[in-house]
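Notes for the one structure printed next.
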Amino acid sequence: MTQAVLLGATIVTSASMVVLGVLAIVMGVFRPGPDTQAALSQSEGEAVFLFRDEKLVDCSDQARMLLDTLDDVPDMPVAESALPRLLRYLAPHFHDLTGQLAQLGTLGQITLRAKGADDGLVLECSFKDGLARLALSDTRSEGRLVAMDRLSFDTLKSETETLRHALRHAPALIWQTDSDGQVVWANAAYLEQVQGNGRDTALTWPLPALFDTSATPDAERVSVASDDGPRWFSYRQVPHGAQIMHFAAPIDLAVQTEAARSETLQTLTRTFASLQIGLALFDAERRLQVFNPALVDLTGLDPLFLAAKPSFEQVLFALREARMLPEPKDFNSWRSEIVEMDRAAENGDYAEEWCLEGGRTFHVTGRPQPNGAIALFIEDITSEATLTRSFRAEIDTMHHMLDSLPDGVITFSLAGQTLTSNDAYAAIWQDDPRTDLADKGLARAIGMWSGQCEPTTFWARLAEFAAATEGEKQIAASIAHKRGALMNVTAQRLRGGSVMVLFQALGPPVQPARPCGALTRAEMDVHSMLLDRPDAADPVARRPSGTSAGNLPADPPQAASEALGQDDLTRRKLRTARHSGSRLRV
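Just add 128 to wherever you are in the sequence shown, counting from 1, and you've got this note's numbering.
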């Protein structure tokens, strides 16, 4: 039993010694060396940092707390980001901090004091055995403490974290410069822009200035070059004591949109400038906003007057004074016409031709535009109007010339539609295609001709001739009209496939056909006498010669006998006629 107890005690003692040995080894390995331990020795209130090759090797508790408050780039390792964060914090307080720290390796020890009179920060720097020691202290806190309750401290800490978070994730670039124009503080967006696409690029202090705002402090836009072209930012600066806070928000999309709109406007301007049609664009308030050089050339208005954005009525008054408007009968009617013109242009219904003095003619059109604007187009159509009048005069002359011909003329197109005819044609055939809206063209005309003439094969030949585009250039034949006249008909092919048909009378002109039952005056008198003459079977008819009932003459009037002749009179007496009454007389 005693041996078992001794054995257990021996085992426990051995295990304890092993554990103590391991702890001693571990503590010996991770305990700072004598140089590091000596370097970390600090006075009360100092924040000590140890750097080797710009990497943080060790720091005191107060220094670590300070670094935690400067954690603006959380993605970077603490050892690599400690020096840039610390320099960013110290740069506003010490003059030429980076330049003086660069001499630390040569001088071995430097003491820097804050440049502000009210700033009690002191930075003691030393370099030994490859270690750079930076000890930051605040002389204002010596011998006194700042009392703060827990609630106020938590509130201040929460507000600080909120502000830090907002600045870290703000899309706008925010930075602060000192009186010398050096960047002493910047947010994460500014740092990302400095680093560009290479996020691993080390930051050096003072940070480079992305924008040159010293020459143009009132600039509203700034740009910075990048691999994809210039990046644009809206810029604003706010003084903060001796320092200046700068803000720059990205506006690339807005700048691109404005550039595209400017290019489109320039294209439209060049297009409008090359137009021969005068353009005047009025906004919803009827002020002139856009005009082109053609408007000045056509109307003779002063460009300075148009550039002053006159109203719609002022432009019309100026046109009236320049005699570029049709002169109205009175001023009141002209004013009402202006109102109607404005209203018609709003509806897109205004389109008129202005006949001006000197023979000039303008075609003016009003077109509605978005947002209540209207566009006025003025086109000089003097040459077109003159040419149209000339063509119209030539056509009228040709029609008069055709109407003066004694022969009937009619022309058909390649499709068989009637193109033109003359008065002689209408007199021969008692048909005028010029006034017949239901004209059927060549097919109807051939049917009408064949119906009024003696049978002949010429009309079939004419139809084949008109349908063929090649072959004979001309065909002709003599035909007999049913009213007794002979005509020579000639069909000739014209340029473009048209066909002209000429009707030339070979004898007396064809007399117009009388309507059924129509009689001359002499025939009507004889006809009336025959109806009133007594029948031969009537006893009264056997009276002595020269007497008649009712003192009617026994013989027909001499004028009637001479008009009809004795033979014709005898034939008419033997003809059966029906009186307006019910009896028949032979």
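Glycine included, each C-beta is placed from N, C-alpha and C at the ideal position.
Query, Result
"For residue 415 versus residue 439, is the C-beta spacing smaller than 8 Å?", "yes"
"Assuming residue 365 and residue 306 form a contact by the criterion Cβ under 8 Å, report the distance between their Cβ atoms to the nearest whole angstrom.", "Wrong, their Cβ atoms sit about 13 Å apart, outside the cutoff."
"Grab me the residues of residue 646's own chain with a C-beta within less than 7 Å of its C-beta, minus the 5 sequence neighbours each way, in chain order.", "Low local confidence applies: a pLDDT of 48 at residue 646 is under 50, so the model's placement there is unreliable, with the coordinate-based value given in what follows. Once the five neighbours on either side are set aside, residue 646 has no close Cβ partner at all."
"Please determine, among 554, 175, 547 and 606, the residue with the shortest C-alpha to C-alpha distance to residue 569.", "547"
"Rounded to the nearest angstrom, what separates residue 508 and residue 533 at their Cα positions?", "40 Å"
"Please report the straight-line C-alpha distance between residue 610 and residue 582, rounded to a whole angstrom.", "6 Å"
"Could you give the DSSP three-state label for residue 484: helix, strand or coil?", "coil"
"Residue 308: which of 252, 236 and 243 sits nearest, CA to CA?", "243"
"Starting from residue 538 and walking both ways along the alpha helix (DSSP H), at which residues does that stretch end?", "Per DSSP, residue 538 belongs to no alpha helix (DSSP H); it is in the beta strand (DSSP E), 536 to 540."
"Alpha carbon to alpha carbon, what distance is there between residue 293 and residue 256?", "38 Å"
"How is the beta strand (DSSP E) around residue 497 delimited, first residue to last?", "Where residue 497 is concerned, there is no enclosing beta strand (DSSP E), given that its DSSP letter is neither H nor E."
"Excluding sequence positions up to five away, which residues of its chain have a Cβ less than 6 Å from the Cβ of residue 504?", "408 and 494"
"Name, in chain order, the residues that DSSP records as bridge partners for residue 241.", "250"
"Answer with buried or exposed for residue 374, where buried requires no fewer than 16 other C-beta atoms within 10 angstroms of its C-beta.", "buried"
"Residue 513 lies in the alpha helix (DSSP H); which residues open and close that run?", "510 to 532"
"For residue 410, which residues does DSSP report across the bridge?", "416 and 502"
"If you follow the alpha helix (DSSP H) that residue 392 is part of, which residue opens it and which one closes it?", "380 to 402"
"Please classify residue 221 as buried or exposed, where buried requires at least 16 neighbouring CB atoms within 10 angstroms.", "buried"
"Quick one: is residue 536 buried, meaning 16 or more other Cβ sit within 10 Å of its Cβ, or exposed?", "buried"
"Given residue 544, which residues of its chain have a CB within under 8 Å of its CB, disregarding the five upstream and five downstream residues?", "569, 570, 571 and 594"
"Just how far apart, CA to CA, sit residue 349 and residue 442?", "39 Å"
"In or out: residue 265 buried (at least 16 other Cβ within 10 Å) or exposed?", "buried"
"Relative to the alpha-carbon of residue 233, which residue among 517, 254 and 515 has its alpha-carbon at the smallest distance?", "254"
"By how many angstroms is the C-alpha of residue 550 removed from the C-alpha of residue 614?", "19 Å"
"Confirm, please, whether the CB-CB distance from residue 480 to residue 467 is below 8 Å.", "no"
"Please name the residue in 315, 250 and 380 whose C-alpha comes closest to that of residue 357.", "380"
"What are the residues that DSSP puts in a beta bridge with residue 235?", "DSSP, once it has assigned bridges, lists no residue as partnering residue 235."
"Give, in chain order, every unbroken run of the beta strand (DSSP E) that is at least 3 residues long and sits entirely within the stretch 255 to 308.", "259 to 266 and 301 to 305"
"Among residues of its own chain, excluding the 5 on either side of residue 404, which ones have a beta-carbon nearer than 7 Å to its beta-carbon?", "422"
"In the DSSP assignment, the beta strand (DSSP E) including residue 715 goes from what residue to what residue?", "Coverage of the chain is limited to positions 129 through 714, which leaves residue 715 absent and any answer about it impossible."
"Can you say whether residue 321 is buried or exposed, counting buried as having 16 or more other CB atoms within 10 angstroms of its CB?", "buried"
"With 16 other CB atoms within 10 Å as the buried threshold, where does residue 538 fall?", "buried"
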